[in-house]
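UniProt numbering numbers the first residue of the sequence shown as 1 and each following residue consecutively.
Heads up: the structure comes next, in structure tokens.
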Amino acid sequence: MSGNNGYLYKSSGANRQGNHYCSRDYGNGSNSYHYSNTDGSYYYSNPDGSTYHNNGRGGSTYTSPSGQTHQSGYGGTSGSGSSGTK
């Protein structure tokens, strides 16, 4: 593991469009990565299996490790906590 953060840094970089990514290894098969895009959107895949996506325009979706989803900022039933599976 690297430092006091509890993870090993794997890689990071940017593509030609300027979109950034970073990958980390937390051990025991737990990995994470994130993307940050030039349009303001970003995506996180967390070591616990959860994911978070923000579209850069106020909408976001969180998916828990068990597959429950929660969306907000898309209009209509914002923050409704709708459920689904991965």
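Every residue, glycine too, gets a C-beta built ideally from N, C-alpha and C.
{"Check": "Compute the Euclidean distance between the alpha carbons of Tyr26 and Pro65, then round it to the nearest angstrom.", "Outcome": "16 Å"}
{"Check": "For Ser41 and Arg24, what's the separation of their Cα atoms in angstroms?", "Outcome": "20 Å"}
{"Check": "To the nearest whole angstrom, what separates the beta carbons of Ser50 and Tyr62, a pair I think is in contact under 8 Å?", "Outcome": "7 Å"}
{"Check": "What does a CB cutoff of less than 6 Å around Gly59 pick up in its chain, not counting 5 residues either side in sequence?", "Outcome": "Gly73 and Tyr74"}
{"Check": "Please determine, among Asn31, Thr69 and Gln17, the residue with the shortest C-alpha to C-alpha distance to Asn37.", "Outcome": "Gln17"}
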